[in-house]
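Chemist: Chains as they are written, first to last, in this note's numbering: chain A, 481 to 1224; chain B, 6 to 163.
#1: At a CB-CB cut-off below 7 Å, which residues of chain B make contact with residue 515 of chain A?
#2: Determine which residues of the region 492-521 of chain A have a Cβ less than 9 Å from any Cβ of chain B, and write them out in chain order.
#3: Which term fits residue 678 of chain A, buried or exposed, when burial requires 16 or more other beta carbons within 10 angstroms of its beta carbon?
#4: Note down, in chain order, all residues in the region 798-820 of chain A with a beta-carbon under 9 Å from any beta-carbon belonging to chain B.
#5: Taking only beta-carbon atoms, is residue 52 of chain B less than 8 Å away from chain A?
#6: Which residues of the region 759-793 of chain A have a Cβ closer than 7 Å to any Cβ of chain B? Give them in chain order.
#7: Roughly how many angstroms separate the alpha carbons of residue 667 of chain A and residue 657 of chain A, rounded to a whole number?
#8: Taking the straight line between their C-alpha atoms, what separation do you get for residue 65 of chain B and residue 546 of chain A?
#9: Less than 8 Å between the C-beta atoms of residue 792 of chain A and residue 664 of chain A, yes or no?
#10: So is residue 843 of chain A in contact with chain B if we call contact Cβ pairs under 8 Å?
#11: Within the region 811-878 of chain A, note down every full alpha helix (DSSP H) run reaching 4 residues or more, in order along the chain.
#12: Can you give the Cα-Cα distance for residue 1030 of chain A and residue 1042 of chain A, rounded to whole angstroms?
#13: Along chain A, in chain order, which residues have C-beta atoms closer than 9 Å to that of residue 137 of chain B?
#14: Taking 8 Å as the CB-CB cut-off, is residue 730 of chain A touching chain B?
#15: Quick one: what's residue 926 of chain A bridged to in DSSP?
#16: Residues in its own chain within less than 7 Å of residue 482 of chain A by CB, not counting five upstream and five downstream?
#17: Can you give the beta carbon distance from residue 811 of chain A to residue 650 of chain A, rounded, assuming they're within the 8 Å contact cut?
#18: Is there a C-beta anywhere in chain B that falls below 8 Å from the one on residue 1116 of chain A?
#19: Near residue 1077 of chain A, which residues of its chain fall below 6 Å by C-beta distance, leaving aside the five closest residues on each side in sequence?
#20: Which residues of chain A have a Cβ atom closer than 8 Å to the Cβ of residue 49 of chain B, listed in chain order?
#21: Return the CA-CA distance between residue 1142 of chain A and residue 775 of chain A, expressed in angstroms with no decimal places.
#22: Using DSSP's beta-bridge definition, name the partner residues of residue 780 of chain A.
#23: Does residue 1167 of chain A come out as helix, strand or coil in the three-state DSSP assignment?
#24: Any chance the region 988-1000 of chain A sits against the region 1051-1063 of chain A, with 3 or more Cβ pairs inside 8 Å?
#25: How big is the Cα-Cα spacing for residue 1071 of chain A and residue 868 of chain A?
#26: When DSSP builds the beta bridges, which residues end up paired with residue 90 of chain B?
#27: What is the rounded straight-line gap between the Cα of residue 832 of chain A and the Cα of residue 97 of chain B?
#28: Taking only the alpha-carbon atoms, compute the straight-line gap between residue 603 of chain A and residue 63 of chain B and give it to the nearest angstrom.
#29: Output the residue ranges of the alpha helix (DSSP H) runs that lie fully inside the region 897-922 of chain A and measure 4 residues or longer, sorted by chain position.
#30: Among the residues of its own chain, which have a CB less than 6 Å from the CB of residue 981 of chain A, if the five just before and after it don't count?
#31: Report the neighbours of residue 1212 of chain A on chain B: residues whose CB is nearer than 9 Å to its CB, in chain order.
#32: Who are the near neighbours of residue 519 of chain A in its chain, counting only those whose CB is closer than 8 Å to its CB and skipping five residues on each side?
#33: Consider the Cβ of residue 133 of chain B: report whether some Cβ of chain A lies at a distance smaller than 8 Å.
#34: Scan the region 89-107 of chain B for residues whose Cβ lies nearer than 9 Å to a Cβ of chain A and list them as they occur along the chain.
#35: Please go through the same chain and pick out, in chain order, the residues whose beta-carbon is closer than 7 Å to the beta-carbon of residue 82 of chain B, but skip the five residues on each side of it.
#36: Do residue 924 of chain A and residue 770 of chain A have their beta-carbon atoms positioned less than 8 Å apart in this structure?
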């Protein structure tokens, strides 16, 4: 029987059932990273560098070790050398080895019987620093006389003559730029700046580690990917991966920021030394200073357009700083900058420069928002200058099926044109605007990932199903994955329980990132269900004593087919399960895959703003998100991703920024001074889901979560620029910046 | 330094504990009483994830000393449902799919309940301003506001 087919008619997929973990989360029962304890548990704390850049001459922990109640003190010397340079950077970022690279960099850590004693012990650790010159800003770090972060370790894959702090250089594009610009009626060239922002998850990093003297370890932590935590920590601790079991707690937001480790290896090393469980929780200040914010950027863009709105050539030169360690995020930026356009001539050059700031972690569509913002802003300026409608111009130049993307591949079925048309037809686009108000438009793009995935699906004798997957549920994925299992098996949604397994209970899974989970885990779940169905079909064929090819699976039942049609009563999953132990044993399906075919995603945002000319304050008065989601499995959670991503982008555009002093110290490490949007800052965020099926998924699903953070930066830049009559080119557009622009 | 003996009432139950003078109510709830529904998102009163009510007044429990609970009535997320029966706000948050990661939700629910007890018929703007002290980074607040408005309407009708 042919099972590997696409499906377009659904009973459960596309509905909005209550999420299975919901009651725990509205009653306070759900256990997040900091919510668990172990008998005999110690409290861990980390000593952090007060300097932006300093050589660690010596660390004297003897007074701390002598303090009553202190059970362990560790430094970088308590870890092994990592097995590759990428992992070594992760480890060195957790605990400084030789040099403190940024303000807040971990230098030593203690475990003690109470938090008060741990804090007291930190004060007793004497670190002798030799302060070095520091650099925190992109343009300063690129200067020939800039302080060099790694004078003894020049970057390997950069051309000769590249400034010493540059870790990566990248280029994409095709066609003849010069000829393209020659065809343009109007060319605009402009430089744009963005400041570093933080994912701003409400739950600080937290973990509970226990290493026993026989070398076995258990780690509980809030993470987007516990298999990755296991791989990194086992490496740093010199442990076999099989000896370290990592369990993912419920996770209080991640947005990419919990895809790596910051404190987990420290807690494990403290536990091993103290021979007791150690709980380590970051303070909010530590989260800002020593987890992984996103990049800041400086980008030059040049775009040419004909009078009737055809883009003839596009060029962008992107410079990102991603903190004190090498980062390849610039590639994703250089790839995504022009992705929305079908261009004959396009080129992007990019580089990453290292500075004395915390090591960047992924933040929702990493690299893309800061790359798309300058391009979409210049396209809007061209539309304004040439008197063209910004949606018409985007439709005229939109990437579609068969377009050779600016970063190389040729697009398959994509939804950009449909999304633009939906925005154009929506009442928002033609709604009147008031005084000091204007409307901004932007496209956005994200690649979407697939990746390594393992799923196991057990058919229980009572006719229920236990689905085991290995990706932390950051926004309702247990619901969407359980729905796909129920859909495929033809059983009610509430008969499926979806569990997130620990690293010892299921094969490897990539991190919950790249908008991959509903796509890839969903795909693996459907295949696992089909595996179980095949086994059930074989089982029933055996009972009926007919050929396995002579049965079909329909409506959750095995039915006789062909010549045998109608000769036997169909058997349901529950009936087959009930007698499974007598007909050959337990029935389960599983699937392991490195999923391909994630299907790229496009969105279009419309933003109306009102700018107060006296204060420079911007109010977002209306906002609508249009996005191609592929098949929306649980539309309410798809809308939620679109709304949440848009608001993170609004914060990035209007308020949020890392502020460093001349001393290289972070000046706003708290939610009071780093202000993320609150409910009263915002209007309702309207959503329009388009469902252009992804050919790479049996139900047509594509990733959703990341694309919506990409367009708001330019949508707001364009709206504010039109409202005040001055083109803005730096984020955040905080009131002082806007006032300065208005007053010239 | 000797500990302070506190007699208080939490979610209708008499509770006694010993605390250090500098310990917060949030520390005691989470670390001594195993009531981990209130979360520490910032420890500085900026995020609202630790919201509880003290004699009916909405507070960040990270900014209240544990000793201050003496003789008071403390209400936390753990006391919001009546046994198996969820509070209308809890039901509406679920029905509207208004949570993603869920870590801010206990604080939002406690804050919203405090609002509706004072103002059973708030405007959307009033709900947005009342909840401005509760940070949510996942949802953009849209569905949370809709859920609170819907719960308010249902509670007025009940």
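Don't be surprised by glycine CBs; every beta carbon is placed ideally from N, CA and C.
Modeler: Let me lay it out:
#1: 41
#2: 496, 498, 499, 501, 502, 503, 504, 505, 506, 507, 508, 509, 510, 511, 512, 514, 515, 516, 517
#3: buried
#4: none
#5: yes
#6: 763, 764
#7: 12 Å
#8: 37 Å
#9: yes
#10: no
#11: 848-866, 870-877
#12: 6 Å
#13: 1158, 1159, 1160, 1161
#14: yes
#15: A/1081
#16: Caution applies to residue 482 of chain A, whose pLDDT of 46 falls short of 50 and renders its modelled position unreliable; the model cannot decide the point.
#17: 5 Å
#18: yes
#19: 1176
#20: 764, 1150, 1151, 1152
#21: 19 Å
#22: A/671, A/797
#23: strand
#24: no
#25: 51 Å
#26: B/87
#27: 46 Å
#28: 36 Å
#29: 907-910
#30: 948, 950
#31: Ordered by position in chain B, no residue passes the 9 Å Cβ test against residue 1212 of chain A, which lies about 17 Å from the chain.
#32: 757
#33: yes
#34: 91, 92, 94, 95, 96, 98, 99, 100, 101, 102, 103, 104, 105, 106, 107
#35: 42, 43, 111, 114, 115
#36: no
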